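Take a look at the structure set out below.
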Amino acid sequence: MGKLERRRRLGADLVTAELATAGLPRPVWRPWGFLRERLTMMGIGGRWAVILPPLLWLLIFFLIPLIVVIKIAFSESVVGQPPYMPLLTISPEGDVQMTLHLSNFIFLTQDHLYLDAYLSSLKIAAISTILALIVGYPMAYFIARSGDRARNILLMLVILPFWSSFLLRVYAWIGFLKNNGVIDNTLEALGVQHLIDGLNVALAPLGWAIPPLPWTMLYTDFGVYIGIVYTYLPFMILPLYTNLVKLDSALLEASADLGARPFRTFLSVTLPLSMPGVIAGSMLVFIPAIGEYVIPQLLGGPSTLMIGRVLWDEFFTNRDWPTAAAVAIAMLVVVVVPLMILQRAQNAVVER
Amino acid sequence: MLDKPEIAADARPWRDPEAKPFVKIRDVTKKFGDVAAVNNVSLDIFKGELFCLLGGSGSGKSTLLRMLAGFEDLTAGTIEIDGQDMAGVPPYQRPVNMMFQSYALFPHMTVWNNIAYGLKRDHLSKADIEARVAELLHLVKLEGYEQRKPNQLSGGQRQRVALARSLAKRPKLLLLDEPLGALDKKLREETQFELVKIQETTGVTFIVVTHDQEEAMSLSTRIGVMNQGEIAMIGEPQDIYEFPNSRFVAGFIGSVNMFEGVVTEDEDDHIRIRSAEAGGDIYVSHGVDCAPDQILWWAIRPEKITLTREKPEPEFPDANITHGMVEDVVYLGDMSVFQVVLESGKRLRVTKANSLRGDPEAISWNEEVWASWSGAAGSVLTS
Numbered sequence: 151m152g153k154l155e156r157r158r159r160l161g162a163d164l165v166t167a168e169l170a171t172a173g174l175p176r177p178v179w180r181p182w183g184f185l186r187e188r189l190t191m192m193g194i195g196g197r198w199a200v201i202l203p204p205l206l207w208l209l210i211f212f213l214i215p216l217i218v219v220i221k222i223a224f225s226e227s228v229v230g231q232p233p234y235m236p237l238l239t240i241s242p243e244g245d246v247q248m249t250l251h252l253s254n255f256i257f258l259t260q261d262h263l264y265l266d267a268y269l270s271s272l273k274i275a276a277i278s279t280i281l282a283l284i285v286g287y288p289m290a291y292f293i294a295r296s297g298d299r300a301r302n303i304l305l306m307l308v309i310l311p312f313w314s315s316f317l318l319r320v321y322a323w324i325g326f327l328k329n330n331g332v333i334d335n336t337l338e339a340l341g342v343q344h345l346i347d348g349l350n351v352a353l354a355p356l357g358w359a360i361p362p363l364p365w366t367m368l369y370t371d372f373g374v375y376i377g378i379v380y381t382y383l384p385f386m387i388l389p390l391y392t393n394l395v396k397l398d399s400a401l402l403e404a405s406a407d408l409g410a411r412p413f414r415t416f417l418s419v420t421l422p423l424s425m426p427g428v429i430a431g432s433m434l435v436f437i438p439a440i441g442e443y444v445i446p447q448l449l450g451g452p453s454t455l456m457i458g459r460v461l462w463d464e465f466f467t468n469r470d471w472p473t474a475a476a477v478a479i480a481m482l483v484v485v486v487v488p489l490m491i492l493q494r495a496q497n498a499v500v501e502r
Numbered sequence: 062m063l064d065k066p067e068i069a070a071d072a073r074p075w076r077d078p079e080a081k082p083f084v085k086i087r088d089v090t091k092k093f094g095d096v097a098a099v100n101n102v103s104l105d106i107f108k109g110e111l112f113c114l115l116g117g118s119g120s121g122k123s124t125l126l127r128m129l130a131g132f133e134d135l136t137a138g139t140i141e142i143d144g145q146d147m148a149g150v151p152p153y154q155r156p157v158n159m160m161f162q163s164y165a166l167f168p169h170m171t172v173w174n175n176i177a178y179g180l181k182r183d184h185l186s187k188a189d190i191e192a193r194v195a196e197l198l199h200l201v202k203l204e205g206y207e208q209r210k211p212n213q214l215s216g217g218q219r220q221r222v223a224l225a226r227s228l229a230k231r232p233k234l235l236l237l238d239e240p241l242g243a244l245d246k247k248l249r250e251e252t253q254f255e256l257v258k259i260q261e262t263t264g265v266t267f268i269v270v271t272h273d274q275e276e277a278m279s280l281s282t283r284i285g286v287m288n289q290g291e292i293a294m295i296g297e298p299q300d301i302y303e304f305p306n307s308r309f310v311a312g313f314i315g316s317v318n319m320f321e322g323v324v325t326e327d328e329d330d331h332i333r334i335r336s337a338e339a340g341g342d343i344y345v346s347h348g349v350d351c352a353p354d355q356i357l358w359w360a361i362r363p364e365k366i367t368l369t370r371e372k373p374e375p376e377f378p379d380a381n382i383t384h385g386m387v388e389d390v391v392y393l394g395d396m397s398v399f400q401v402v403l404e405s406g407k408r409l410r411v412t413k414a415n416s417l418r419g420d421p422e423a424i425s426w427n428e429e430v431w432a433s434w435s436g437a438a439g440s441v442l443t444s
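If you're matching them up, the sequences are chains A and B in order. Each residue of the first sequence is one higher than the one before, counting from 151 in this note's numbering. Each residue of the second sequence is one higher than the one before, counting from 62 in this note's numbering.
Structure representation (C-alpha cells):
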C-alpha cells in the first residue's frame, strides 16, 4: 500500500470515528464561516477578499467618474441640460451610432491659452517644489538630528496646521501679504525703508533698484509661491524626515574621520543617501501643485495662469463641459507623465 | 633566519622607561550626565604597537576609542598623538583613521569610491589616487571588486574594504572598533592573522577595541584590560594570563579556579596559605608582598592542575594537593575539561590535553581523584 493511500485511509477512518462519537449534529451559527463559504463559492479566496474592498472603492469613485469625464471630453457642446451631446445615438432605424468628437482636444492645441496655462502651471509647481525643498530639507534634517522628546514636539508642530481648515489658512495669508498688511507694516515699523534707500544708493551704479515699501505681494505669482510652499511644506518635510532619521550616524562619522568637513559630508553622504526622500517629497508637492486652484484663486493675480483656474472658468463661467473635460484629461496626462518619470528615477535610486 | 622588520612586538619599547610614547593619554575622564564612562585613564601607546583595549560591554573601551578619533569630547584630561595635543582638533584634521564596528561603508558608493573617499579629500591627483587604491585592493586581496557596491559583498569582504579604506590615508594611528566582531569564527581566526600581518607590513600603530579575550591574546603586543571605565591592568598577553594583578583580570581572561585563604607562613622565599575551600594548604614557592593572617585569594588556571587516581608524593609537605570526585567530563577534541567536586563543595575546573587517541585509561565520571600542582603554578591576588 502506498504511503499516500495509507494516509488517506487513515483520514477516512478518523472521519468515520468522529461521526460515530459526535452523536446528533448540533447546528451552530458561524457568520464568518458562512460568509467565507459563500465567497469561496463565488471564487473569492482569502487574497481576493482583502483586495476586493479597495478595488471596488477605486472602481466606483475613481474609474467610473474618470470614464464619465472621458466620455464628456469626446462629446459635443450644446446649450441645454446636460450641456453636451450624448456619445451614443440610436437612429430611428435602430442603428446604434457613436460619434467621438476630437474637436475639444484640437481646440486645446489651437488656443494658446491652454498651452500657456499648462506651461505656467508646470513652472509654478516646479519653482514651488524647489522652494519647498530648500525650506523643508534643513527643517527635516534638524528634526531628524534632535533628541527624542524635541523630535516628537517638532513633528507635531509640522503637522499642526492640518488641524485647521486649509481654506482658512490660505485666507489668513491675504492679511499678511496685502498692501499695508502684517508684513509691510512690520517691515516699515522696523525701519527697513531706510535700509532699502541705503542699498538703492549702493546698487544705483549697477542699474538695480529695490522697490520702496509697501511691496505688492498679494495677487502676484510671489503670493502663489508663498501659498503653495506654506501649504505643501509638511508633505516635503515628512518623507525627508523619515529618510534622514534612518541615516546611520556612523556614516557621517566615517566621512569626518576620512577628512571630510561637515559640508563635504553633507554633499557626498547625506544628500545622495536622502535622494529617495527628496524625490518622494518633491512628488508630493509638485503633483498637487500643478492642479492647484484655491491658492492661485485667492493669492494669485489676474496674470497668474494656472490650469486649475482655466478648468474652473471653462466649467462654471463658460459652461463648456466638453472643453473643460478635455482640459482635465490633458492635465491628467501632463501630471501622470512626470509622475512616471519620477517614479522611475526613484526606483533607480532605491536600486542603487 | 628571515629578516624581519623592526616591529614593536620585538623591540618592546614599553619596557624602556626612556622611550617616548606615540599616544599619550593622561587622566582622561568622560562623563555622560553623572555617569563616568571613562574614569581617570592614563595610558601610553608606542609606535608600531598593536594595542588591544579589552573589556566587557559598558567598560568604556569604545568611548576611549571614540575620544581618540575625536567623536567625543573629553570631560577632563589630555590626549596627545605624536606629541600634538588633540584638544579641539576635529576628527577630519586628526592623523587618525578608524575602522568602525559596523564598517560604516558608504552604501551608495562602489568599493573603489569607498577606498578613494579619504584620498579625494586630500585633493590628490587622479593618478595618485588610482595607484593607491590599486595598492590597497592588492593588500586586502580584493582586486576585481572595484565596481561592486557594499551590499554585493560578503561580511568578510566588507571588513576588508573597511580596513583598506581606513588605511588609505596612511594614518599614523589606526583605531579598530571590534574589527572582527561581525565575522564567523572560522573567518575571524583567518582574519586575525591577516590583520597582524598587515599591521607588521604597514608599520601603522593599531589600537583595537574588543570584548573577545582570545582575539586580544592572539593579536596584540599589549593588552589594556578595562573594567567600569578604568584600566584594570596593562601588560603583554602572557603577563595578563599568567600574572594577573587582580581577581577581575584573572577571571576575565580565560577560566580560572579561585580560592580564598589566609596566610600562615610569610617568608622571603615562599608563603603558605591555608584555604578551607581548597581543602588544605597552598604552598607558593616565591615571596609575596603580604602579611601573616592576611586574607587573600589564590588563582590557578585549569591546565596547570594535574589529576591522578593514586595520591602522588607531594612536592611540599601537606600542601598543593587536594582530593575530590569527578562530577563531569567535557570532551572538546583537543582537550577534555574535568569538573571535580572538592570535599569543601567547591568545584575545580581542570583541563588535560588529549595526547593519546581514544585513551582507555582516561579518568571518567564519578571517579575519586587527587588534584595537585606545583609551587609556582598559581597567582596570589590581594585585590
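Just so you know, even glycine gets a beta-carbon here, dropped at the ideal spot from N, CA and C. These figures come from a predicted structure and were not determined experimentally.
If you draw a straight line from the Cα of A/N393 to the Cα of A/L401, it comes to about 14 Å. Taken in chain order, the members of the stretch 403-432 of chain A whose beta-carbon sits within less than 9 Å of a beta-carbon on chain B are E403, A404, S405, A406, D407, L408, G409, A410, R411, P412, R414, T415, S418, V419, P422, L423, M425.
Approximately 7 Å separates the beta-carbon atoms of B/R410 and B/V398; this is inside 8 Å, confirming the contact. The C-beta of B/S120 comes no closer than 7 Å to any C-beta of chain A. Ranking B/Y153, B/F132, B/M128 by CA distance to the CA of B/E141 puts B/M128 first. The criterion of a C-beta distance shorter than 7 Å is satisfied by B/T367 and B/S433. In this structure, the alpha-carbon of B/P298 lies about 55 Å from that of A/A495. Per the C-alpha coordinates, the member of B/K365, B/E364, B/T383, B/R362 positioned closest to B/K372 is B/T383. Interface residue (Cβ-Cβ distance to chain A less than 7 Å): B/N174 is not classified as such.
Collapsing the DSSP output to three states places B/G131 in coil. Taking the Cα positions, A/L304 is about 29 Å away from A/Q493. CA-CA distance, B/I106 to B/K365, rounds to 32 Å. The Cβ atoms of B/S163 and B/F304 lie no closer than 7 Å to each other. In the DSSP assignment, B/W358 is bridged to B/E321, B/L442. Less than 7 Å divides the Cβ of B/G138 from the Cβ of B/R87. Distance between B/M287 and B/T136, taken at the CA atoms: about 18 Å.
For the set B/L114, B/P156, B/V84, B/L403, the Cα lying nearest the Cα of B/N318 is the one of B/L403.
Of all alpha-carbon atoms in B/Y153, B/V201, B/L200, the one lying nearest the alpha-carbon of B/Y178 is that of B/Y153. Our two residues, B/E428 and B/G385, have alpha carbons roughly 8 Å apart in a direct line.
By the rule that beta-carbons nearer than 7 Å mark a contact, A/A400 touches chain B. Residues of chain A whose Cβ lies closer than 8 Å to the Cβ of B/P152 are, in chain order, E403, A406, D407. Rounded to whole angstroms, the separation of the alpha carbons of A/L449 and A/P236 is 38 Å. For B/S163, at least one C-beta of chain A is nearer than 7 Å to its own C-beta. With fewer than 16 other CB atoms across the displayed protein chains lying within 10 angstroms of its CB, B/A437 is exposed. Here B/A130 is not near B/I176, since their CB atoms are 7 Å or more apart.
Excluding its 5 nearest sequence neighbours in each direction, A/Y321 has C-beta neighbours in its own chain below 7 Å: L448, listed in chain order. Note that the stretch 349-364 of chain B touches the stretch 320-334 of chain B; at least 3 beta-carbon pairs, one per stretch, sit closer than 8 Å. Comparing alpha-carbon positions, the option among B/G419, B/S227, B/S120 lying closest to B/F313 turns out to be B/S120.
Residues T139 of the same chain have their beta carbon placed closer than 7 Å to that of B/D146, with the five preceding and five following residues left out of the count. Residue burial annotation: B/F83 is buried, with at least 16 other C-beta atoms found within 10 angstroms of its C-beta. The C-beta of B/N158 comes closer than 7 Å to at least one C-beta of chain A.
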